[in-house]
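Chains as they are written, first to last, in the working numbering: chain L, 1 to 121; chain V, 122 to 264.
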């Protein structure tokens, strides 16, 4: 599964929520600045390639996604393709103070929209 | 960056996917508490998490031990399980014997052991087929 990295302009999680028409599963404060976004379904790739503070877009919904985000110091997770995380997944994220969003958009569309804004294209 | 001495031991159960990763997030919390450098902490946590996932995915049960001293953070992993027949092959990126169930969790793509090695300053692996596998993962602290 390819992973993409971009580093251009910083935008807030609140702005990302707008761009992806996302719902917020947890995270009261969306003022955090996102400098880097990555898209992957393979958590080993996230562990190998992510940078601290990265926002993860993923189509994989499991406890391991949240634990990967915790271990790799990610700033948040966006579940794509309208996937709904189970209550225990949200509970773990809340405990870890990790914002979790969800969008009905595909991974490709989500990554494209964010890339467009962050890269200024 | 010196930190105080600390030791902890954890038991990990094979196939317990709901809790897989719990030990590693706990280890990270401890390191944070001890004031370990964030970049170093992240390397330890990533290596530990991959090792924990391997244990949960492949072994029956096992132990993980965290040892912190001023020179380094070390993780010892010892499991009872099938062991690894060809360690050189297992260390190759992309080589995997994972089941579809493991891949559905976002692991099992043959990245685990290479990821551990990449994050460690010192890494040793030994295995006895039919008995189990041992890992030694050491990340050095700056003076």
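Every residue gets a Cβ at the ideal spot worked out from N, C-alpha and C, and that includes glycine.
| said: Given a cut-off of 8 Å on the beta-carbon distance, is the pair residue 177 of chain V and residue 224 of chain V in contact? | reply: no
| task | Per DSSP, which residues does residue 102 of chain L bridge with? Please list them. | result | L:23 and L:79
| Member of V:200, V:186 and V:221 whose CA lies at the smallest distance from the CA of residue 249 of chain V | V:200
| Below 8 Å, can you find three or more Cβ-Cβ pairs linking the segment 210-222 of chain V to the segment 182-193 of chain V? | no
| task | Label residue 29 of chain L either buried or exposed according to how many other C-beta atoms from any shown protein chain fall within 10 Å of its C-beta, with 16 as the threshold for buried. | result | exposed
| field | For residue 129 of chain V, the first and last residue of its enclosing beta strand (DSSP E) | value | 127-134
| query | Around the Cβ of residue 31 of chain L, are there at least 16 other Cβ atoms within 10 angstroms (buried) or fewer (exposed)? | reply | exposed
| said: Buried or exposed, going by whether 16 or more other CB atoms sit within 10 Å of the CB of residue 205 of chain V? | reply: buried
| Under 8 Å between C-beta atoms, does residue 54 of chain L make it to chain V? | no
| said: What residue range does the beta strand (DSSP E) around residue 108 of chain L cover? | reply: From DSSP, residue 108 of chain L is part of no beta strand (DSSP E) but of the alpha helix (DSSP H) over 107-118.
| Over what stretch of residues does the beta strand (DSSP E) that includes residue 188 of chain V continue unbroken? | 182-190
| What is the rounded straight-line gap between the Cα of residue 127 of chain L and the Cα of residue 191 of chain V? | Nothing about residue 127 of chain L can be read from this structure; chain L reaches only from 1 to 121.
| field | Backbone secondary structure at residue 140 of chain V - three-state DSSP | value | helix
| Terminal residues of the continuous alpha helix (DSSP H) containing residue 44 of chain L? | 43-49
| message | For chain V, check one thing: does any of its Cβ atoms lie closer than 8 Å to the Cβ of residue 111 of chain L? | response | no
| query | Residues of chain A with a CB under 8 Å from the CB of residue 232 of chain V: which are they? | reply | Among the chains of the structure shown, chain A does not appear; the protein chains present are L and V.
| Going along the chain, which unbroken runs of the alpha helix (DSSP H) with 4 or more residues stay wholly within the segment 156-244 of chain V? | 159-179, 208-211, 221-225 and 233-240
| request: Identify the contact partners of residue 166 of chain V in chain L, using a Cβ-Cβ distance below 7 Å as the criterion. | output: 71
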